[in-house]
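Colleague: By our numbering, the letter at position 73 of the sequence shown is numbered 1026, and the numbering carries on one by one without gaps. Cβ coordinates follow ideal geometry from the N, Cα and C atoms, glycine included. All figures in this text were calculated on a predicted structure; none of them were measured in a lab. Please read through the structure below; I'll follow up with questions.
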Amino acid sequence: MGYSHCPALRQRLRSFPSVAAITLAAWSPLPSQAAQPGHEVIGKWKFVSALDFTVPSSLDEQEAQQLLGHVLTISKNWSRFDDGQDCGVPGFETKRVEPSLYLQREAGIGASKLKLPNPVTVVDINCTQVFVKKPNRVVIFWEGFFFEAVRVSR
């Protein structure tokens, strides 16, 4: 048995798609509430391992090891290390790239040691680049080294 025998019900069902669309639109986030590209890297990031390096590099291997355990804080207005080294105002320019091609072109290295997803999101925060592996795990390029870092807080 259908609803064809009841004109009032038929009218309500016809108007349902437009009512549903209006309701969903009202619940959807406003553009100002939506996440802005690149802002997924905002937070405190603890360096946990040195994965690879470029030649030449500003750091030697011993200096890179000394950065492990340090925290880089990235906010909307500034970024700096826990030792006070300032990284300036982040720009949050974001792009999705194929890691092997991008790293070969930009750094002259392969991507295998970094274990990045393909494609990978790269966020340029002006003083360096952050490669998003997972929501709470990134690779940060710093002074010629690629460091794996984990989020310790937002």
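Going by beta-carbon coordinates alone, are G996 and V1076 separated by less than 8 Å?
Modeller: no
Colleague: From D1035 to I1078, what distance separates their C-alpha atoms?
Modeller: 17 Å
Colleague: Considering only residues of the same chain and omitting the five flanking positions on each side of F1100, which have a CB-CB separation below 6 Å?
Modeller: The residues are F1000, A1003, I1093.
Colleague: With which residues is W998 paired in a DSSP beta bridge?
Modeller: As DSSP reads the structure, W998 sits in a beta bridge with L1025, R1104.
Colleague: Helix or strand or just coil, what does DSSP make of S1032?
Modeller: Judged by DSSP in its simplified three-state form, S1032 adopts strand.
Colleague: To the nearest angstrom, how far is it from the Cα of K1058 to the Cα of V1050?
Modeller: The question names Lys, yet the displayed sequence has Arg at residue 1058. Using only the alpha carbons, I get a separation of about 11 Å.
Colleague: Name the one or two DSSP bridge partners that Q1082 has.
Modeller: D1077
Colleague: Per DSSP, what kind of secondary structure is A1003 in: helix, strand or coil?
Modeller: Strand.
Colleague: When DSSP labels each residue in this structure, what does E1016 get in the three-state scheme?
Modeller: Of the three classes helix, strand and coil, the one that applies to E1016 here is helix, per DSSP.
Colleague: State the beta-bridge partners of G1041 as determined by DSSP.
Modeller: S1032
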